[in-house]
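Below is one structure, written out as structure tokens; the observations come after it.
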Amino acid sequence: MTTKLPGKVMETCKYCDYPTQNKGLLKVHEKTHTGEKEFRCDWKGCNYRSNQKYCVKQHKFTHTKEKPFSCEHCNYTSALKVYMKIHVQKHISKPYICDKCNFETSYCNSLKRHKRYKHTDPALKCKLCKYVASGEADLRIHACNKSLCCGVCGYKNHIKLNFTRHQEVHNTVFYSCSLCGKKSKSKPYFTKHMKDKHKIQKFNIEEYVTPATTSSDK
Numbered sequence: 046m047t048t049k050l051p052g053k054v055m056e057t058c059k060y061c062d063y064p065t066q067n068k069g070l071l072k073v074h075e076k077t078h079t080g081e082k083e084f085r086c087d088w089k090g091c092n093y094r095s096n097q098k099y100c101v102k103q104h105k106f107t108h109t110k111e112k113p114f115s116c117e118h119c120n121y122t123s124a125l126k127v128y129m130k131i132h133v134q135k136h137i138s139k140p141y142i143c144d145k146c147n148f149e150t151s152y153c154n155s156l157k158r159h160k161r162y163k164h165t166d167p168a169l170k171c172k173l174c175k176y177v178a179s180g181e182a183d184l185r186i187h188a189c190n191k192s193l194c195c196g197v198c199g200y201k202n203h204i205k206l207n208f209t210r211h212q213e214v215h216n217t218v219f220y221s222c223s224l225c226g227k228k229s230k231s232k233p234y235f236t237k238h239m240k241d242k243h244k245i246q247k248f249n250i251e252e253y254v255t256p257a258t259t260s261s262d263k
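Residue 46 is where the sequence shown starts when you use my numbering, and the numbers rise one by one after that.
Structure follows, in structure tokens:
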């Protein structure tokens, strides 16, 4: 669809509201909706495809080991232009400056990470590990998770998923597959096995419980 604005003719994607004056960019954008990738790498055994010809051209450098892009400030070379652009920023500018010290960086995320670990209120830092909370509520939640303790062996972990997996070590039953003989102490692992291996999506897992006889099964 074409939209006329004062002094401009905007082309709009027929699949969404993306606007641009460049018909070439519009064509490339629309391919992200259709999944069309007509350009492919002709290197033997490679299945790489792209909707942009120059992407395939640069991709081939990963096969030939060529690095045609060179930094004018140092000896750094790259096979991809986008990586070179990121690298050059280290030399030409550091627009992100910390307002609490003389730290400078070329990247916004680096500044955020610096402030979080260097200038965060000590009260928001966990006393048991290196975790830095975003606020008091976040720290309280972290502290509660840190208190997870196994009643059988005393194992501690602040990540609930890891703690749950540990508890499975003390299970006194196996889940045994009647189709292939696979055994597991882990209920989630056994469920995944039945779905992925045997394509059984719904079943009563309690029907597969058998007494544990060894600790070597997963």
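Ideal placement from N, C-alpha and C gives every residue a C-beta, glycine not left out.
Here the structure is a predicted model, which means the values were calculated and not measured.
Give me whichever residues DSSP pairs with P64 in a beta bridge.
On the sequence shown, position 19 is the one that residue 64 refers to. Bridge partners of P64: T57.
Give me the Cα-Cα distance between F219 and N96, rounded to the nearest whole angstrom.
One-based indexing of the sequence shown puts residue 219 at position 174. One-based indexing of the sequence shown puts residue 96 at position 51. If you draw a straight line from the Cα of F219 to the Cα of N96, it comes to about 50 Å.
Can you check the stretch 98-122 for any alpha helix (DSSP H) of at least 4 residues that lies completely inside it and give the ranges in chain order?
98-104, 106-109
Can you give me the C-alpha to C-alpha distance between R210 and N249, rounded to a whole angstrom?
Numbered from its first residue, the sequence shown carries residue 210 at position 165. Numbered from its first residue, the sequence shown carries residue 249 at position 204. Each residue's alpha carbon lies about 21 Å from the other.
Rounded to whole angstroms, what's the CA-CA distance from Y60 to H104? Just pull it up for me.
Taking the first residue of the sequence shown as 1, we reach residue 60 at position 15. Taking the first residue of the sequence shown as 1, we reach residue 104 at position 59. When rounded, the distance between both Cα atoms is 28 Å.
Taking the alpha carbon of L169 as the reference point, which residue from K160, F208, E181 has its own alpha carbon closest?
Against the sequence shown, residue 169 aligns to sequence position 124. The residue with the shortest Cα to Cα distance from L169 is E181.
According to DSSP, is E252 part of a helix, a strand, or is it coil?
In the sequence shown, the residue the question calls residue 252 occupies position 207. DSSP places E252 in helix when its eight states are reduced to three.
Per DSSP, what kind of secondary structure is T209 in: helix, strand or coil?
For the purposes of this step, residue 209 is identified with residue 164 of the sequence shown, where counting begins at 1. Looking at T209 - three-state DSSP - the assignment turns out to be helix.
Beta-carbon within less than 8 Å of H132's beta-carbon, same chain only, minus the 5 sequence neighbours each way: which residues are those?
Here residue 132 refers to the residue found at position 87 when the sequence shown is read from its first residue. Non-local C-beta neighbours of H132 in its own chain, meaning closer than 8 Å and more than five positions away in sequence, comprise C116, Y121, S123, ordered along the chain.
How far does the alpha helix (DSSP H) with L267 in it reach, from first residue to last?
Nothing can be reported for residue 267, as the shown portion of the chain is limited to 46 through 263.
Just to confirm before moving on: does the CB-CB distance between E56 and L71 stay below 7 Å?
Taking the sequence shown and counting its residues from 1, one reaches residue 56 at position 11. Taking the sequence shown and counting its residues from 1, one reaches residue 71 at position 26. It is a contact, given that the beta carbons lie within the stated cut-off.
Taking the alpha-carbon positions, what's the K112 to I142 distance?
On the sequence shown, residue 112 is found 67 positions in, with the first residue counted as 1. On the sequence shown, residue 142 is found 97 positions in, with the first residue counted as 1. Answer to the nearest angstrom: the Cα atoms are 32 Å apart.
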